[in-house]
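Per my numbering, residue 1 is the first one in the sequence shown, and the count goes up by one each step.
Heads up, the beta-carbon is just placed ideally off N, CA and C, and yes, glycines get one too.
Quantities reported herein were computed from a predicted structural model and do not represent experimental measurements.
Shown next, in C-alpha cells, is the structure this report addresses.
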Amino acid sequence: MKKVRSWLLVALLASLAVIAVACGDDDEEGGGGATQTLGGSSPAASTFEPFDCAGEYPGTEPDTSAFPLEVTDDSGGTVSLEAPPEAIVSLSAAHVEVLYAIGAGDQLIAGDLYSDCPAAAADLEQLDSFTPSVEAITALEPDLVVLGFSNPDLQTALAGVGISSLLQEPPPDVAGVLDDIELLGRVTGHPEEATAYAAGMDARIDEVVADLPAEDAPPKVFHEVDNTLFTAGPGSFVGDLYEILKAKNIADATGEPFPQMTQEAIIEAAPDVIILADEEAGENAETVSARPGWDAIPAVQDERIYAVDPDIVSRPGPRVIEALETLSQLLYEQ
1 MKKVRSWLLV ALLASLAVIA VACGDDDEEG GGGATQTLGG SSPAASTFEP FDCAGEYPGT
61 EPDTSAFPLE VTDDSGGTVS LEAPPEAIVS LSAAHVEVLY AIGAGDQLIA GDLYSDCPAA
121 AADLEQLDSF TPSVEAITAL EPDLVVLGFS NPDLQTALAG VGISSLLQEP PPDVAGVLDD
181 IELLGRVTGH PEEATAYAAG MDARIDEVVA DLPAEDAPPK VFHEVDNTLF TAGPGSFVGD
241 LYEILKAKNI ADATGEPFPQ MTQEAIIEAA PDVIILADEE AGENAETVSA RPGWDAIPAV
301 QDERIYAVDP DIVSRPGPRV IEALETLSQL LYEQ
C-alpha cells in the first residue's frame, strides 16, 4: 500500500485522533481529463534560491550570542535553552526542511517517518510522530525536540526527563510559515540565516503575485486532500495559498480550515479547477470524472483536473514558494 505523505492529511488525522505516547520501542494519465503532476519551480527572477530537495544544504556555525534564550511555543509554554541545541529531533518533515534551509541541518539527528527532503534527510534516524516513543527519543539524547502537532502528554514526558521541546503547529496562513521559520532560526542559533531566508521567500511571493494575469472572474477551485472530500479552507495555510493567488476557493463557504465537503456541495459550487493532492491514494482525472454527477462540473468538462505532489503543497516550510508557483501555473494555465 502506498504511503500517503500529505502534511494536511496528517494534520486532519491528528485532529481526529488522540495521539498516544508510547513508552515502548518505535515500530510505518487518465482518459476523463488531463491529469498533470507538477513539481518544478519557475526560473528565479531574484537572487533568492528556492528550496530544492536535490540540493545540498551544509550547516553553518550557530550563533551563541543570544543565549541563554527563552521563547514561547504554540502550547503557550516557555522553552528555555542555555545554548544552541546540538542534537535536534524533529517529529515533523516540514520542520526538517526548514532546519536544512536555515543552516541548522548539521544539528539534526532524527526526523519523522516522512522526512525525505532534502536528500541529506535520508541519513537521519526516523521516528514515528503519530505514536512517539519517549524511550526511543531519549535514547538519541537530544537537547531539543520539535513537534508539528499538539501532544501535551509527550511534551510533559519529555520535560520529565529533562528534554526541551518546541511546538510549532501548522500555521493559519503563509505569513505564519515565515514567522515560524524566523522563530526556529532564533531557537537553533541561526537568526540571521532564518530572517534572510524568510525575507527572500516574502519577496518571491510578491513576484509570483505580480506575475498573475488580470482576471475579471477569478478561477474557482476545489482542493482535494483525500477521496472522502476533506479539503483546505479559511484558516489553513493551504487555503491561504489560494487567497494569495486570487483564486476563489469553494471551501471558503464552509468557514472551516479543514472541512469535509459533500459531493452535492462541490457539484453546486461548480469549480473551474480541481487540484488533487491524493493521487497516491489512486485518485486522478479519470476517477474524479467518473464520480456520479461530477460531469456537470466545469473543471471536469474542461479537463482541468490536476494532480500535485502533496508534499509540495501541504508542508508549511520552504517549499511554499514551489507550491505557489505550481498552483499558479495550473490555475491560470501559464
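query                                                                                                                                                                         : result
Need the endpoints of the alpha helix (DSSP H) that Ile266 sits in, please.                                                                                                   : 263-269
I'd like the list of long-range same chain contacts for Val18, defined as Cβ closer than 7 Å, with 5 residues on each side in sequence excluded.                              : At Val18 the pLDDT is 37, less than 50, meaning the model places this residue with poor confidence; the figure from the coordinates comes in the next sentence. None.
In chain order, what are the residue ranges of uninterrupted beta strand (DSSP E) at least 3 long that sit wholly in the stretch 96-133?                                      : 108-112, 125-127
What are the boundary residues of the alpha helix (DSSP H) that includes Leu245?                                                                                              : Careful: Leu245 lies outside any alpha helix (DSSP H) and carries neither H nor E.
Entirely within the stretch 162-198 and at least 3 residues each: give me those beta strand (DSSP E) ranges in chain order.                                                   : 165-167
Between Leu124 and Glu86, what straight-line distance do the alpha-carbon atoms span, to the nearest angstrom?                                                                : 14 Å
Quick check on the DSSP output: the alpha helix (DSSP H) that includes Ile312 runs from which residue to which?                                                               : 310-314
Determine the contact status of Ala104 and Gly59, defining contact as a CB-CB distance below 8 Å.                                                                             : yes
Apart from the five residues just before and just after Gly233, which ones in its own chain have a Cβ nearer than 8 Å to its Cβ?                                              : Gly239, Asn249, Ala251, Asp252, Thr254, Gly255, Glu256, Pro257, Phe258, Pro259
Count the other C-beta atoms from every protein chain shown that fall within 10 angstroms of the C-beta of Pro68, then say buried if there are 16 or more, exposed otherwise. : exposed
Contact check, Ile163 vs Pro142 under 8 Å by CB: the rounded distance?                                                                                                        : 6 Å
I think Ile88 touches Leu108, with their Cβ atoms under 8 Å apart; what is that distance to the nearest whole Å?                                                              : 5 Å
Please report the distance separating the alpha-carbon of Gly282 from that of Val221.                                                                                         : 20 Å
Report the three-state DSSP secondary structure of Ile205 (helix, strand or coil).                                                                                            : helix
Does DSSP put Thr156 in a helix, a strand or coil?                                                                                                                            : helix
Quick check on Val161: buried or exposed, where buried means 16 or more other Cβ atoms within 10 Å of its Cβ?                                                                 : exposed
Can you tell me the Cα-Cα spacing of Glu322 and Val98, whole angstroms?                                                                                                       : 14 Å
In or out: Gly157 buried (at least 16 other Cβ within 10 Å) or exposed?                                                                                                       : Note that residue 157 is Ala in the sequence shown here, rather than Gly. With 16 or more other Cβ atoms within 10 Å, it is buried.
Please identify the residue among Asp63, Val79, Thr64, Pro62 whose C-alpha is closest to the C-alpha of Glu70.                                                                : Val79
Along the chain, where does the beta strand (DSSP E) containing Thr254 start, and where does it finish?                                                                       : Careful: Thr254 lies outside any beta strand (DSSP E) and carries neither H nor E.
Given a threshold of 16 other Cβ atoms within 10 Å of its Cβ, counted over all protein chains shown, does Gly317 qualify as buried or as exposed?                             : buried
Distance check for Thr228 and Tyr242, CA to CA, integer angstroms please.                                                                                                     : 21 Å
Leaving out the 5 sequence neighbours to the left and right, which residues in its chain are closer than 7 Å to Gly111 when beta-carbon positions are compared?               : Ser90, Ala93, Val96, Ala121, Leu124, Gln126
Note down, in chain order, each residue of its chain lying with its Cβ closer than 6 Å to the Cβ of Glu82, except the 5 sequence neighbours on either side.                   : Pro68
Once you ignore the five residues that flank Leu38 on each side, which residues in its own chain have a CB closer than 8 Å to its CB?                                         : At Leu38 the pLDDT is 43, less than 50, meaning the model places this residue with poor confidence and gives no usable figure here.
Which residues in the same chain as Ala44 place their Cβ atom closer than 8 Å to its Cβ, once the five residues preceding and following it in sequence are excluded?          : Low confidence applies to Ala44: its pLDDT is 36, below 50, so where it sits in the model is not reliable enough to give any reading.
Where Ala269 and Pro172 are concerned, what is the direct C-alpha to C-alpha distance, given to the nearest angstrom?                                                         : 24 Å
So, Ser75 versus Ser150, is the Cβ gap smaller than 8 Å?                                                                                                                      : yes
Taking Ala299 and Val273 to be in contact with their CB atoms under 8 Å, please state how far apart those CB atoms are, rounded to whole angstroms.                           : 5 Å
On a Cα-Cα basis, can you pick out the residue from Asp116, Phe48, Ile102, Gly77 that is closest to Ala54?                                                                    : Asp116
Pro213: buried (16+ other C-beta within 10 angstroms of its C-beta) or exposed?                                                                                               : exposed
From Asp73 to Val146, what does the alpha carbon distance come to, in whole angstroms?                                                                                        : 10 Å
Residues bridged to Phe230 by DSSP?                                                                                                                                           : Gln260
Please report the Cβ distance between Pro62 and Thr188, rounded to the nearest whole angstrom; I am assuming they are in contact, meaning their Cβ atoms lie under 8 Å.       : 6 Å
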